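K.L.:
2 protein chains.
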Amino acid sequence: MSQESLALYQAMSTLRAVRRLRPDPIPDDVLKRILQAAAWAPSGGNVQPWRIVVARDPAIRQQIGDLYRPQWQVYGHNARKAMEQLEGEARAKRGRMLDACDHLGEHMGRAPVLLIFCFNPKHMAITDADLGRASVVGGGSVYPALQNAMLACVSEGVGCTLTTLLCYEETAMKDILGIPEDWYTCAVMPLGYPVGGGHGPISRRPVEKLCFENQFGQTLEL
Amino acid sequence: MSQESLALYQAMSTLRAVRRLRPDPIPDDVLKRILQAAAWAPSGGNVQPWRIVVARDPAIRQQIGDLYRPQWQVYGHNARKAMEQLEGEARAKRGRMLDACDHLGEHMGRAPVLLIFCFNPKHMAITDADLGRASVVGGGSVYPALQNAMLACVSEGVGCTLTTLLCYEETAMKDILGIPEDWYTCAVMPLGYPVGGGHGPISRRPVEKLCFENQFGQTLEL
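Protein sequence lines, in the order shown, are assigned to chains S and D.
Okay, so the first sequence: first residue is -19 according to our numbering, each after it adds one.
Okay, so the second sequence: first residue is -19 according to our numbering, each after it adds one.
1. Using 9 Å as the limit for Cβ to Cβ distance, is residue 67(D) near chain S?
2. Do residue -14(D) and residue 187(S) have their CB atoms nearer than 9 Å?
3. Which residues, taken in chain order from the stretch -13 to 9 of chain D, show a beta carbon closer than 8 Å to some beta carbon of chain S?
4. Please report the Cβ distance between residue 195(D) and residue 33(S), rounded to the nearest whole angstrom; I am assuming they are in contact, meaning their Cβ atoms lie under 8 Å.
5. Under 8 Å: do the stretch 87 to 94 of chain D and the stretch 35 to 53 of chain D share three or more Cβ pairs, one atom per stretch?
6. Am I right that residue 178(D) and residue 104(D) are in contact with their C-beta atoms under 8 Å? What's the rounded C-beta distance?
7. Quick one: list the residues of chain D neighbouring residue 108(S), beta-carbon separation under 9 Å, in chain order.
8. Distance, Cα to Cα, residue 86(D) vs residue -17(D)?
9. Please say whether residue 56(D) and residue 78(D) have beta carbons closer to each other than 9 Å?
10. So, for residue 156(S): in the same chain, excluding its five sequence neighbours on each side, which residues have a beta-carbon less than 6 Å away from its beta-carbon?
11. Taking Cβ positions only, does residue 64(S) come closer than 9 Å to chain D?
12. When you check each C-beta in the stretch 188 to 201 of chain S against every C-beta of chain D, which residues fall closer than 9 Å?
13. Where do the N-terminal and C-terminal ends of the alpha helix (DSSP H) with residue 38(S) fall, by residue?
14. Indicate whether the contact test is met: 3 or more Cβ pairs, each with one atom in the stretch 66 to 73 of chain S and one in the stretch 139 to 149 of chain S, closer than 8 Å.
15. Return no unless some Cβ of chain D is closer than 9 Å to the Cβ of residue 88(S).
16. Restricting to Cα atoms, I'd like to know which of 160(D), 12(D), 148(D), 175(D) is closest to residue 168(D).
17. Using DSSP's beta-bridge definition, name the partner residues of residue 140(S).
18. Given residue 83(S), which residues of its chain have a CB within under 7 Å of its CB, disregarding the five upstream and five downstream residues?
19. Please give me, in chain order, every unbroken run of the beta strand (DSSP E) with length at least 3 that falls completely inside the stretch 72 to 98 of chain D.
20. Any beta carbon from chain D within less than 9 Å of residue 76(S)'s own beta carbon?
21. Taking the straight line between their C-alpha atoms, what separation do you get for residue 28(D) and residue 122(D)?
22. Between residue 174(S) and chain D, is the shortest Cβ-Cβ distance under 9 Å, so that the two count as touching?
23. The alpha helix (DSSP H) that contains residue 150(S), what's its start and end?
24. Considering only C-alpha positions, which residue in the set 71(S), 111(S), 166(S), 173(S) is nearest to residue 115(D)?
25. Name, please, each residue of chain D whose Cβ falls closer than 7 Å to the Cβ of residue 37(S).
26. At 9 Å on the CB atoms, spell out the chain S contacts of residue 161(D), in chain order.
27. How far does the beta strand (DSSP E) with residue 33(D) in it reach, from first residue to last?
28. Do you know how far the Cα of residue 150(D) is from the Cα of residue 107(S)?
29. Going by beta-carbon coordinates alone, are residue 47(D) and residue 130(D) separated by less than 9 Å?
30. In this structure, does DSSP put residue 201(D) in helix, strand or coil?
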């Protein structure tokens, strides 16, 4: 395997949600490389139907943090209840994750940078819009850019995590950020240098559980 | 900038749609690394609500190719018409792109590997499901995996492109691949070694056109 491949796989295999962030600023050149990574992402018809509002102003960040806190409290309360179904190490692990989520819920507005990803569905060919089931294809022209940004964060030593709860507050978010009528929000990504170890080991299903050969459910032999 | 960052940015900045693919097989170890890259991607609640059917059987690939051809013919016909609005180099460039799309439209089934990405919306928290506008958030738990797979392809020298037209043939696709009732399709990604130069230069808007400071539309100074 090439050195380039190794570096790429190193970033991918250590990209984890980093939810405890220091308030220290992110230097402009680092931030610019993270945004450039997003800009390189492919999109349907190369239309790039997304924009990022980079919130660095403390007052703007605080307003967003104040919207996020109660949303997380509701979601987190339910997640704690669901956690009671778990036992042993799985439960302890989930508990530690939810502690970190609680921390982010309290401190979202103090992350030095919030990236608010916006999109315009008029510029998307959403081929699964009318199938009578949840549509996801529009996301195919947006979330590759988020993934690029997050991989760049790993490489730059910047903590990050993808949140979508603020879609519940889209009207208020559009108001705070001056987002035009035909643009919408699809993620808020807080960035900051990590309080703890930052990116590192991840826990994922093995390829064999996720990938099949020729028929759904059929073992893939590689 | 670190060597790791350079390698990562090299892959991101040369990931382009590669639509002319040789029928030569992809070695198992290469394919496994591409699938592992997908498996590393983050997803909401770490649920990984996606699966990949890896179609390598020629008969299965041909069936999928036969579904894709007429879908592309309709889409491509409209795209050629829209191209007539363009002039000069922009028009010539679009024409070359559509020629490559036509090639893929004819030969999709001859790519040695087709990755069919499936998802289950029951395992997703789709926070923008009820906002009265196109929903994309479900894609946030799937398309990061596709982006990882495509970046791995760059690094492995394997051509790829993300297609979503076969959502229009979802019922037939589910039948061909034995996809259960509560799982759906969100992309078909043909893989193969490139006929031409493969991945390489890309054309994207500059960061300054895509990213704003604090308010949508406000210049970001970095």
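Beta carbons: idealized from backbone N, C-alpha and C, even for Gly.
As the structure is a prediction and not an experimental result, all values here were calculated from the model.
P.N.:
So, to answer that:
1. Closer than 9 Å: no.
2. no
3. -13, -12, -11, -10, -9, -8, -7, -5, -4, -3, 8, 9: these are the residues of the stretch -13 to 9 of chain D whose beta carbon lies less than 8 Å from some beta carbon of chain S, given in chain order.
4. 7 Å
5. yes
6. About 34 Å; that fails the 8 Å criterion.
7. 144, 147, 148, 150, 164, 165, 166
8. 40 Å
9. In this structure, residue 56(D) lies closer than 9 Å to residue 78(D) by Cβ.
10. Excluding sequence neighbours, residue 156(S) sits near 43.
11. no
12. 189, 190, 191, 192, 193, 194, 195, 196, 197, 198, 200, 201
13. 38 to 63
14. no
15. no
16. 148(D)
17. 171(S)
18. -1, 0
19. none
20. no
21. 8 Å
22. no
23. It spans 150 to 157 - the alpha helix (DSSP H) in which residue 150(S) sits, taken as one unbroken run.
24. 166(S)
25. Neighbours of residue 37(S) on chain D, chain order: 194.
26. The premise fails here: residue 161(D) is roughly 10 Å from chain S at the closest Cβ pair, so nothing lies under 9 Å.
27. 30 to 35
28. 10 Å
29. The Cβ atoms of residue 47(D) and residue 130(D) do not sit closer than 9 Å to each other.
30. Under the three-state reduction of DSSP, residue 201(D) is assigned to coil, being neither helix nor strand.
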